[in-house]
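Going by the numbering used here, the first residue of the sequence shown is number 2, and it counts up by one from there. The block underneath contains the structure these notes are about, expressed in structure tokens.
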Amino acid sequence: MDMTCTTLPGDDAATALDDAMQARDIAVSLPTVTVGDSVVKAIRVMALGRLPGLIVVDDKARPRAVLPGTQVLRLAVPVPYQEDPGLARTIDEAHADEFWRELAELTVGDCLPRQPARPVIVPADANLLEVAALMARLHSPLVAVVDRDGALAGAITLELLLTNLALSGLED
């Protein structure tokens, strides 16, 4: 039995690798916030942009944190009320509204952990499987794409990734 493999011109591994989509191919520009921005601004940027989360950048546009929407919400809710739902039930509506007004005084940096987790980032040349695996492993609907210098080059949302995978020609 002849077990030789026949390849067609242009059907080699190098060509397949060159044709593979990379993070840079689907990354888009999204609004970001800095540690000095108010929590109110962060919530507004996320809500008005209909974003699944936010990327917090430093003064050199390097991602410092990638926060899923639920983490952005955590910036707005005082820790004792997150840890004890019963405590939140003891606050009437008028006083609950006070918490929202107090957010104007807090910055994103005030609310980030002292030792923040490593940001959810991929290099621009990462393949889409790498992006998907990172999102799945870290439960993040948002990934920052960085250039060689570590500066933000774009972002990939879960919706964008799934749309690209769905339209990639895969059969049901």
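The beta-carbon is built from N, C-alpha and C at its ideal position, and this holds for glycine as well.
Bounds of the alpha helix (DSSP H) holding Gly110 are 109 to 112.
Its Cα nearest to that of Leu74, the residue Val41 stands out among Asp26, Val41, Val146. With fewer than 16 other beta carbons inside 10 angstroms of its own, Pro86 counts as exposed. Between the segment 87 to 97 and the segment 111 to 120 there are fewer than three inter-stretch CB-CB distances shorter than 8 Å, so the stretches are not counted as touching. Proximity to Leu143 across Glu103, Met47, Pro81 peaks at Met47, based on C-alpha coordinates. Judged by their CB atoms, Leu153 and Val58 are nearer to each other than the 8 Å cut-off. Assignment of Thr91 by DSSP, reduced to helix, strand and coil, places it in the coil class. Between Ala21 and Asn128, the gap from beta carbon to beta carbon is short of 8 Å. For Val41, the enclosing alpha helix (DSSP H) stretches over residues 40 to 49. With a 10 Å radius around the Cβ and a threshold of 16 neighbouring Cβ atoms, Val80 comes out exposed. Within the model, the alpha-carbon separation for Glu103 versus Arg149 is close to 39 Å. In the three-state reduction of the DSSP assignment, Pro86 falls in the helix class, which pools H, G and I. Taken through DSSP and simplified to helix, strand or coil, Leu153 comes out as strand. Relative to the Cα of Ala133, the nearest Cα in the group Leu88, Ala62, Leu166 belongs to Leu166. Remark: C-beta atoms of Leu49 and Leu68 do not approach each other more closely than 8 Å. Assigned with DSSP and collapsed to three states, Ala105 falls in helix.
Judged by their CB atoms, Gly151 and Arg63 are nearer to each other than the 8 Å cut-off.
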